[in-house]
Amino acid sequence: MPQKNHNPKKKKRKLLNTFYTVLLVLIVICIVLCFTVAHYVNMINIVDTGTRNIISISEDLISEKNVRNILLIGTDSRDSSDRGRSDTIILLSVNEHTQNMTMVSLMRDMYVDIPNYGKGKINAAYSHGGAELLMDTVEENFGIRVDDYIAVNFSSFAGIVDAVGGVEITLSDAEAAEVNNILRNEVNELMGDPKDADFLEKGGTYRLSGKQALCYSRIRYVGDADFERTERQRTVLNQVISEARTLNIFKLDSLLSEALPQMTTNISKNQMYGYAVKAPMYIFTYDIVQMRVPVDGSWSYADIDGESVISVDFNDNIISLAENLYEIQYDGN
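In this note's numbering, the protein residues as written are 35 to 367.
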């Protein structure tokens with residue numbers, strides 16, 4: 035009976051060749067991914083906030099290693115030479131334990147303590163000292179760690195919405211009319227378009243362009259004033275994230291190429307690489323939660339020095355933030 039010719043050395047050599055081939059492919063993939071991430075990271079405007087003020091209560095701030103808080107700042111600046119004002123302030127809290135991304139709108143008329151500047155509306159902090167002072171102001175008044183910030187201006191926001199193909203929004207007749215009003219009096223001129231360009235005929239469900247979504251986000255005098263305004267902003271941001279989840283690799287490249295050069299942030303390049311690795315997990319698997327500060331029942335309108343402001347019970351809001359962002363019970367002390 036013929037014997038099978040077993041050659042252990044030949045078999046071992048074949049296994050080694052397969053191993054080295056797979057290893058080489060993995061190395062090439064890693065190199066390509068590293069260069070790709072570096073390509074995108076280098077598009078972002080990164081500033082150093084190493085000299086940022088460390089306020090006296092910093093050691094008492096609520097923080098947790100699995101929670102990262104990023105302040106999203108929408109400014110009304112027209113170009114890079116103009117800081118502008120913080121028209122939109124949203125705290126994006128990423129909790130890797132609960133796998134939630136929580137968007138917290140901060141009402142811009144809240145009357146707060148601004149470090150080294152006394153009391154004033156929270157959006158004045160950005161005018162006084164930029165993103166760093168705004169971060170310090172949020173920490174001092176709400177007792178939570180703010181790790182990073184990302185700032186974009188009006189035209190950047192519109193470009194990002196266009197890059198995802200627009201957002202689907204349902205508007206009332208009053209909202210549609212106000213979108214047209216803001217297009218006519220502000221945005222079309224800013225974009226260099228005719229005053230009556232891109233008007234909405236009436237209320238209804240539309241796929242809004244970047245310009246139209248920007249106007250929708252800026253509506254203030256329809257409904258419950260700034261409270262509904264912040265809700266609209268969160269709705270648009272939520273829709274942008276939802277649309278980004280559906281993009282193919284080519285459209286995703288277009289989105290990143292449009293969005294990243296328009297962003298200014300204090301997130302270091304090393305941190306960016308970490309975020310880049312985790313970004314697909316955040317975008318595609320995390321739940322999106324929305325809230326607003328001040329929370330219901332914790333605020334009232336007030337007139338201070340002839341200016342209408344929102345007076346806030348900060349303790350109630352710290353308790354709510356601790357519970358919603360960190361799942362901890364804060365005793366108010």
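Ideal placement from N, C-alpha and C gives every residue a C-beta, glycine not left out.
Host alpha helix (DSSP H) of N175 (start-end): Numbered from 1 along the sequence shown, position 141 holds the residue referred to as residue 175. Counting along the chain, the unbroken alpha helix (DSSP H) around N175 starts and ends at A158 to F176.
Classification of F188 by the beta-carbon crowding that lies within 10 angstroms, buried from 16 upward: Within the sequence shown, numbered from 1, the residue matching residue 188 stands at position 154. Classification for F188: buried.
Meets three-Cβ-pair contact criterion under 8 Å: the region 189-205 and the region 246-266: yes
Beta-bridge pairing of R268 - partner residues as DSSP gives them: Within the sequence shown, numbered from 1, the residue matching residue 268 stands at position 234. R268 is not bridged by DSSP to any residue.
Candidates A259, G257 and R252, of which the one nearest L217 by Cα: For the purposes of this step, residue 217 is taken as the residue at position 183 of the sequence shown. Selected option, being the one with the closest Cα: R252.
Under the three-state DSSP convention, the category G340 falls into: Sequence index remark: in the sequence shown, residue 340 carries index 306 (1-based). Here G340 carries a coil assignment [DSSP, helix/strand/coil].
Top-ranked residue by Cα proximity to I352, from K312, E173 and L281: Mapped onto the sequence shown, residue 352 falls at position 318. Closest by alpha carbon: E173.
Contact under 8 Å by Cβ, G368 with L242: A question about residue 368 goes unanswered here, because the residues of the chain that appear run from 35 up to 367.
Cα-Cα separation, Y151 to S206: In the sequence shown, the residue the question calls residue 151 occupies position 117. In the sequence shown, the residue the question calls residue 206 occupies position 172. Distance from the CA atom of Y151 to the CA atom of S206, rounded to whole angstroms, is 41 Å.
N129 beta carbon less than 8 Å from that of L290: On the sequence shown, residue 290 is found 256 positions in, with the first residue counted as 1. On the sequence shown, residue 129 is found 95 positions in, with the first residue counted as 1. Taking 8 Å as the Cβ cut-off, L290 and N129 do not qualify as a contacting pair.
For L95, three-class secondary structure by DSSP: Within the sequence shown, residue 95 is the residue found at index 61, counting from 1. Reduced to three states, the DSSP call for L95 is coil.
Straight-line Cα distance separating M169 from D196: In the sequence shown, residue 196 corresponds to position 162, counting from 1. In the sequence shown, residue 169 corresponds to position 135, counting from 1. Approximately 29 Å between the Cα atoms of the pair.
C-alpha gap between G226 and V75, whole angstroms: Reading the sequence shown from its first residue, position 192 is the one you call residue 226. Reading the sequence shown from its first residue, position 41 is the one you call residue 75. Spanning the two alpha carbons is a distance of roughly 30 Å.
Cα-Cα separation, I371 to T204: A question about residue 371 goes unanswered here, because the residues of the chain that appear run from 35 up to 367.
Local Cβ density within 10 Å of E212, reported as buried at 16 or more and exposed below that: As a working mapping, residue 212 is identified with position 178 in the sequence shown. Buried: at least 16 other Cβ atoms inside 10 Å.
Where N129 sits in the DSSP three-state scheme: Numbered from 1 along the sequence shown, position 95 holds the residue referred to as residue 129. In the structure shown, N129 sits in a strand (DSSP, three-state: E or B).
Sub-8 Å separation of I107 and A165 beta-carbons: Taking the sequence shown and counting its residues from 1, one reaches residue 107 at position 73. Taking the sequence shown and counting its residues from 1, one reaches residue 165 at position 131. The answer is yes: Cβ separation under 8 Å.
Buried or exposed (CB count within 10 angstroms, at least 16 for buried), F176: What you label residue 176 is simply residue 142 of the sequence shown in a count that begins at 1. Buried is the call here.
Environment of D121 [buried if 16+ CB atoms lie within 10 Å]: Stepping through the sequence shown from its first residue, residue 121 is reached at position 87. Buried, by the Cβ-count rule.
Whether M297 touches I148 by CB criterion (8 Å): In the sequence shown, counting from the first residue as 1, residue 297 sits at position 263. In the sequence shown, counting from the first residue as 1, residue 148 sits at position 114. No, the Cβ-Cβ distance between M297 and I148 is not below 8 Å.
Complete runs of the beta strand (DSSP E) confined to the region 178-254 [at least 3 residues]: 182-187, 201-205 and 238-242
Length at least 4, wholly inside the region 263-329: the alpha helix (DSSP H) runs in chain order: 283-293 and 303-319
Rounded straight-line distance, which links the Cα of A310 to that of D350: To locate residue 350, count along the sequence shown from 1; it is residue 316. To locate residue 310, count along the sequence shown from 1; it is residue 276. When rounded, the distance between both Cα atoms is 35 Å.
Where D82 sits in the DSSP three-state scheme: Here residue 82 refers to the residue found at position 48 of the sequence shown. Coil at D82, not helix or strand.
Spatial neighbours of L95 in its chain, beta-carbon cut-off 7 Å, leaving aside the 5 residues before and after: In the sequence shown, the residue the question calls residue 95 occupies position 61. Cβ within range, chain order: E173, G177, I178 and R179.
Own chain, CB closer than 6 Å to S345, minus 5 neighbours either side, in chain order: Looking up residue 345 in the sequence shown gives position 311. Cβ-Cβ distances below 6 Å link S345 to Y145, S334 and A336 in the same chain, with the five nearest sequence neighbours on each side left out; the list follows chain order.
Which residues DSSP lists as bridging Q144, in chain order: If you number the sequence shown from 1, residue 144 lands on position 110. It should be pointed out that residue 144 corresponds to Met in this sequence rather than to Gln. M144 pairs with I344.
Close Cβ partners of A293 (< 6 Å) along its chain, the five nearest in sequence each way excluded: Counting from one through the sequence shown, the residue named residue 293 turns up at place 259. Contacts found: I194.
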